[in-house]
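Numbering (the numbering used here), first residue to last: 1 to 541. Backbone N, C-alpha and C define an ideal beta-carbon position, used for all residues, glycine too. The structure under discussion appears below in the form of structure tokens.
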């Protein structure tokens, strides 16, 4: 039997047991009901007698037995088999495509039929957000996940795009205030002049660019950020006229590519950047020899997690002029493509909805994300949660997590602040805990700038406008439409010319060629469609 077939067989067996046990009570603890759930994700299993799961069960009257599937073939087959049999576990969190199929099959109960009795659920999102996930019949069948922020985002790590630089470069320069690309490259140039090689005699790469067909944004979208716009990806939006505008030929775009060209000619930018595939790019970063780059943290973080502390990358909010505030950070965007729902096979839907509501109470949220007071964390006189070294270590120990911690990862919860409004919703986001466990190199850096987290190196983001982010629209565009064909033409022109603009020995001539080819594209067809989408989303607010 192949591993794929074995996996499918195990899932089928698990589902047979799960579905047959929907809503059954535990024989030894008749006051605690057991629900079953299947979730399209890959999360480490917890022990059946997990301590906090048992404690939550005692307080809510429910224990949820969770099953996980992550391989797309298995996800599709599992939900397809359930729809054919019309038998389901009590809770389901499918992927986006199967979520819509399950709704059409009538597999979920309507959540909104119950939420007037359970306002914690209804209050998770605004009316506009709930309306965006209503089915054609007007009902809400699932609760979106990871999209509800209590008070403010508390993530200490910036996962998005920024100008990044190694902490040792900032320390060498005395932690300067770097705000423009000219100051950024001047710092790198000065560091390289004083430190051309690492301790092994290997030459540094002053600045690296990932610019292959798979990932091109580091070369493509900086003009958008440099002019102080957020990451809509495909355009910049005039907030007064609600017009989607093109950033590709702006004065800032020309100035940026001219600066890159100058740095390339000086040898600051890796001469081979245009020939690197993604794995080669990640290998460059993993060597510790790249001093700086533009990138999304989610794209490169796994490549640099074993670097020595002095090679840690620090985000900088660079704009073309010091008068322009940076917009590299954004608020968590609402993702209504899928979520958790209660199935029609559940024999006690009222208890299932009540369980969801109970999971959102302050006491249970603290149990899920902080653990047990006095065991997993402590509280100081000001109400600030903290962890001793022992508590910090055990909370991150895999064996301890299996037997003790129960987050119920794919059941609803709030990101941001804990219900008390004082602490972060989870210990990993608590600023004092996060700061205390940083390396000495990073602590010195943050202390010099008067902060405790990576995100504080960048401006706080304002509220997301209703159209944000526009890349959620452009990413789904195909060449089956006229505007989709135009988008492909724009992308092709940029992929051809942007690397050339960096490397050419005659920047002005190459820029003129690029502008000429770009202007032969009827780009307004595409941007008119983007404008229509911006206004459509704004009208839905």
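**Message:** Tell me which residue opens and which closes the beta strand (DSSP E) that residue 313 is part of.
**Reply:** That run of the beta strand (DSSP E) goes 313-316.
Contact set for residue 135: own chain, Cβ-Cβ below 8 Å, skip 5 residues either direction = Setting aside the 5 residues that flank it on each side, residue 135 is surrounded in the same chain by 103 and 141, each with a C-beta closer than 8 Å to its C-beta; the list follows chain order.
Cβ-based burial, residue 298 [other Cβ within 10 Å; buried from 16] = Exposed, by the Cβ-count rule.
* Please work out which residues of its chain come closer than 7 Å, Cβ to Cβ, to residue 525, disregarding the five sequence neighbours upstream and downstream, and give them in chain order. => Sequence-distant Cβ neighbours of residue 525 in its own chain, meaning closer than 7 Å and more than five residues away, are 482, 483 and 486.
Can you tell which of 329, 46 and 33 has the C-alpha that lies nearest to the C-alpha of residue 408? Of the candidates 329, 46 and 33, the one whose C-alpha sits nearest the C-alpha of residue 408 is 46.
- Query: Within 10 angstroms of its Cβ, does residue 508 collect 16 or more other Cβ (buried), or is it exposed?
  - Reply: Classification for residue 508: exposed.
Identify, in the order they occur along the chain, each residue of the same chain with its Cβ nearer than 6 Å to the Cβ of residue 435, setting aside the five sequence neighbours on each side. Excluding five sequence positions before and after residue 435, the CB atoms of its chain that fall closer than 6 Å to its own CB belong to 452, given in chain order.
ask   = Who are the near neighbours of residue 277 in its chain, counting only those whose CB is closer than 6 Å to its CB and skipping five residues on each side?
value = Same-chain partners within the cutoff: 212.
Open item on the list: Which residue wins for smallest C-alpha separation from residue 173, given the options 179, 309 and 190?
Closed with: It is 190 whose Cα lies nearest to the Cα of residue 173.
Worksheet item: residue 245 by DSSP, collapsed to three states: which one?
Response: Correct three-state label for residue 245: strand.
May I ask you to list the residues that DSSP assigns as paired with residue 230? Answer is none; residue 230 lacks a bridge partner.
Under 8 Å, with one C-beta from each stretch per pair, do the stretch 355-367 and the stretch 393-400 reach the 3-pair mark? A contact between stretches requires three or more CB pairs, one per stretch, nearer than 8 Å, and the stretch 355-367 fails this requirement with the stretch 393-400.
Check: Is the distance from the Cβ of residue 468 to the Cβ of residue 230 below 9 Å?
Finding: In this structure, residue 468 lies near residue 230, with their beta-carbon atoms less than 9 Å apart.
Handout entry: Distance between beta carbons of residue 227 and residue 293, contact taken as under 8 Å
Key = Not a contact, Cβ separation roughly 20 Å.
Could you name the residues of the same chain whose beta carbon sits closer than 7 Å to that of residue 155, not counting the 5 residues immediately before and after it, in chain order? Within the same chain, residue 155 has close Cβ partners 429 and 455.
- Task: Reducing DSSP to helix, strand and coil, say where residue 35 ends up.
- Result: Looking at residue 35 - three-state DSSP - the assignment turns out to be strand.
Note to self: According to DSSP, is residue 88 part of a helix, a strand, or is it coil?
What the structure shows: Looking at residue 88 - three-state DSSP - the assignment turns out to be coil, as it is neither helix nor strand.
Quiz item: Nearest to residue 165 by alpha carbon, out of 38, 219, 514 and 285?
Solution: Nearest option by C-alpha distance: 285.
> Going straight from the alpha carbon of residue 425 to that of residue 370, what length do you get?
Replying inline: C-alpha separation (whole angstroms): 8 Å.
Next item on the list: Name the two residues that bound the continuous alpha helix (DSSP H) containing residue 533.
Entry: That run of the alpha helix (DSSP H) goes 523-539.
### Query
How many angstroms separate the CA atom of residue 491 from the CA atom of residue 244?
Each residue's alpha carbon lies about 17 Å from the other.
- Task: List in chain order: all unbroken alpha helix (DSSP H) runs of 4+ residues lying wholly within the stretch 432-496.
- Result: Whole alpha helix (DSSP H) segments, 4+ residues: 440-449 and 471-474.
message: residue 414 and residue 248 - do their beta-carbons sit closer together than 9 Å?
response: Against a cut-off of 9 Å, the Cβ pair of residue 414 and residue 248 comes out as no contact.
Count the other C-beta atoms from every protein chain shown that fall within 10 angstroms of the C-beta of residue 158, then say buried if there are 16 or more, exposed otherwise. Buried: at least 16 other Cβ atoms inside 10 Å.
C-alpha gap between residue 151 and residue 463, whole angstroms: Within the model, the alpha-carbon separation for residue 151 versus residue 463 is close to 12 Å.
> On the premise that residue 446 lies in contact with residue 246, defined as a C-beta separation below 8 Å, what is that separation, rounded to the nearest angstrom?
Replying inline: That pair is no contact at about 38 Å.
Point to revise | Closest residue to residue 312 among 441, 340, 506 and 335 (Cα-Cα distance) | key: It is 441 whose Cα lies nearest to the Cα of residue 312.
- When you compare only the Cα positions, how much space is there between residue 11 and residue 169? Low local confidence applies: a pLDDT of 42 at residue 11 is under 50, so the model's placement there is unreliable, and no value is given.
Practice problem: Using the Cα positions of residue 496 and residue 510, report the straight-line distance between them to the nearest angstrom. | Solution: Residue 496 and residue 510: Cα-Cα distance of roughly 11 Å.
(Q) With a threshold of 6 Å on Cβ separation, who are the neighbours of residue 219 within its own chain once the five nearest residues in sequence on each side are excluded? (A) Once the five neighbours on either side are set aside, the close Cβ partners of residue 219 are 209, 211 and 498.
Check your understanding: Mind checking residue 341: buried by the 16 CB within 10 Å criterion, or exposed?
Key -> Burial call: buried.
If you scan the stretch 264-312 from start to end, which runs of the alpha helix (DSSP H) of 4 or more residues do you find wholly inside it? As far as the stretch 264-312 is concerned, its whole alpha helix (DSSP H) runs of at least 4 residues are 278-286 and 297-304.
_Let's test the definition: count the other Cβ atoms within 10 Å of the Cβ of residue 387 and tell me whether it reaches 16, buried, or not, exposed._
Buried: at least 16 other Cβ atoms inside 10 Å.
Margin query: Taking 6 Å as the limit between beta carbons, can you name the residues of its chain near residue 82, skipping five residues before and five after?
Written below: Hits under 6 Å: 88.
Original post:
Where does residue 345 fall in DSSP's three states?
Top reply: Here residue 345 carries a coil assignment [DSSP, helix/strand/coil].
Point to revise | Buried or exposed by the 16-neighbour rule on C-beta atoms within 10 Å, applied to residue 457 | key: Buried is the call here.
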